[in-house]
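Participant:
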Amino acid sequence: MSGRIANLVDPFVAYHASAPSDRPWRFIVENLKPFRWVLIGSLLLTVIGASLEVWLIGYTSALVDILAATEPTQLWTRYGLEFIVVALVVLIGRPLFGYLREALDDIAFRPNAEAMIAWRAHRHVTRQSVGWFRNGQSGRIASQVWAIGGSAVGAAYSVVHTLAYVTIYVFGSVGLMASIDLRLTIPLLVWVAAYLGFMAFIVPRIHKASGTVQEEYSRLTGLLVDSYANIDIIKLFASADADDVEAQQRFAAMRNAVIKIQSLEVLMNSTMLLLGSAMIVGLVGYTLVLWQSGEAPIGLVAAALALSFRITGMAEWMLDAVSSLFGYLGYLRETLKTVAQPLAIVDAPDATELKIAGGAIAFRDVTHRYGKDDGG
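Here the sequence shown is numbered in our numbering, starting from -14 and rising by one per residue.
#1: Along the alpha helix (DSSP H) that carries leucine 89, what are the first and last residues, could you check?
#2: How many Å lie between tryptophan 22 and aspartate 217 at the Cα?
#3: Helix, strand or coil, according to DSSP, for valine 110 in the structure here?
#4: Compare the C-alpha of aspartate 50 against each of Val351, Gly344, Leu285 and Asp305 and name the closest.
#5: Would you call leucine 173 buried or exposed, if buried means 16 or more other Cβ atoms sit within 10 Å of its Cβ?
#6: Measure from the alpha carbon of alanine 132 to the alpha carbon of each residue in Gly312, Pro282 and Leu29, then state which is nearest.
#7: CA-CA distance, alanine 149 and tyrosine 142?
#8: Go through its chain and collect everything with a Cβ distance to valine 274's Cβ below 6 Å, but skip five positions before and after it.
#9: Along the chain, where does the alpha helix (DSSP H) containing leucine 52 start, and where does it finish?
#10: Quick one: using the 10 Å Cβ neighbour count with 16 as the cut-off for buried, is tyrosine 84 buried or exposed?
#11: Quick one, are the C-beta atoms of methionine 264 and threonine 297 less than 9 Å apart?
#12: Determine contact between the segment 1 to 9 and the segment 103 to 115, defined as no fewer than three beta-carbon pairs at a distance below 8 Å.
#13: Which stretch, first to last residue, makes up the alpha helix (DSSP H) that contains glycine 78?
#14: Quick one: any contact between the segment 70 to 87 and the segment 112 to 127, if contact means 3 or more CB pairs under 8 Å?
#15: What are the start and end residues of the alpha helix (DSSP H) that includes isoleucine 246?
#16: Going by the beta-carbon positions, is the gap between valine 138 and phenylalanine 94 smaller than 9 Å?
#17: Count Cβ pairs between the segment 62 to 71 and the segment 301 to 317 that sit closer than 8 Å; are there 3 or more?
#18: With a threshold of 16 other CB atoms inside 10 Å of the CB of proline 57, please say whether the residue is buried or exposed.
#19: When the distance is taken between beta carbons, is isoleucine 187 closer than 9 Å to isoleucine 246?
#20: Is DSSP giving phenylalanine -3 helix, strand or coil here?
#21: The alpha helix (DSSP H) with glutamate 200 in it runs from where to where?
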């Protein structure tokens, strides 16, 4: 089964080779066209999976109300068939849809798409001139070619696998609360507004910091690879002290970039904990007020409690995904500055293949007089 899923798309399928776009989203769309049906299938399964999760929360509320209003001796007589259907959906349908979604995302899509994009980038880069390679660090170029697939696919994966799922779940939850009592959407919408405001503040900063980290990582990798690959020249001609200073500067720049982004991560996680706590207190507290006044059933309290815990967990997951998305895009943008450069030297449109019938090395009138009038 996994083997068939893995071979849904050939990552080395023939394509029209041209200079890659230097704009991240356009680059992603152009290169992921062979995977469009895989992505559409994944999105459909995402909608089904998120809808099932919201339905289960709603059914939890109904189940509590059923238990509160039904005599134990009549429970299975009245609701036995319903319970069996729900159990089959939970035991068979939910895992099946989850497996298909994960298989499309993590078997059919990610490894194949990463290999395809890296392969195409390699093909383009190897057609650059010798001078192009000498003007850049080979180690840096190598790390960018290998990582470009992971960056592009990681951005697409964040959208298809995480952002779509959480968005559908959150808005489905708002719809669920509205269908029970429109007033229950008030704490949810207030929380969503605060959450979106925090995203607008933190995401651009993480985006910028992620791009800095990836650029410093690329520079450090290039320095190390080129130093080790040319160690004989370095040992003969370079100054050890000067090399140490340059390496220390690169390591220090990498350290500072990591500290910056980790500080933002700490701020993000702490704020999400605060927002999550506010969600639990606001939604559950408001539901208790409605229940106390006789305007809400006891099952709604249970559903609100489960929903608040679930949404806060997913909100953290979504914010991580958004920060990862912009991190991928930041690194992809930096990588494309190198990988997407047009070929420095191109063949003439009417150029023909060079045909060599034979070859020889000949020495004629070779002298070694070294500026003298006579000699060998």
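All C-beta atoms in this analysis are idealised placements derived from N, C-alpha and C, irrespective of residue type, glycine included.
Since this is a predicted model, take the numbers as computed values, not measurements.
Facilitator: Let's see:
#1: Segment: none, leucine 89 is in no alpha helix (DSSP H) and carries neither H nor E.
#2: Taking the straight line joining both Cα atoms gives about 51 Å.
#3: DSSP, read as helix, strand or coil, puts valine 110 in helix.
#4: Taking aspartate 50 as reference, the option from Val351, Gly344, Leu285 and Asp305 with the minimal CA-CA separation is Leu285.
#5: By the neighbour-count rule (16 or more Cβ atoms within 10 Å), leucine 173 is buried.
#6: Relative to alanine 132, the option among Gly312, Pro282 and Leu29 whose CA is nearest is Gly312.
#7: Rounded to the nearest angstrom, the gap between the Cα atoms of alanine 149 and tyrosine 142 is 10 Å.
#8: Around valine 274: no qualifying Cβ.
#9: Where leucine 52 is concerned, the enclosing alpha helix (DSSP H) starts and stops at 21 to 54.
#10: Exposed, because fewer than 16 other Cβ atoms sit within 10 Å of the Cβ of tyrosine 84.
#11: Yes, the pair counts as a contact, with Cβ atoms nearer than the cut-off.
#12: Enough Cβ pairs lie closer than 8 Å, so yes.
#13: Per DSSP, glycine 78 belongs to no alpha helix (DSSP H) and is neither H nor E.
#14: Pairwise C-beta distances place the segment 70 to 87 out of contact with the segment 112 to 127, as fewer than three of them are shorter than 8 Å.
#15: From DSSP, the alpha helix (DSSP H) with isoleucine 246 extends over 225 to 277.
#16: Cβ distance < 9 Å, so valine 138 and phenylalanine 94 count as in contact.
#17: No: fewer than three Cβ pairs fall under 8 Å.
#18: Its Cβ having fewer than 16 others within 10 Å, proline 57 is exposed.
#19: Not in contact: isoleucine 246 and isoleucine 187 (Cβ atoms no closer than 9 Å).
#20: Reduced to three states, the DSSP call for phenylalanine -3 is coil.
#21: Under the DSSP assignment, glutamate 200 falls in the alpha helix (DSSP H) whose first and last residues are 170 to 214.
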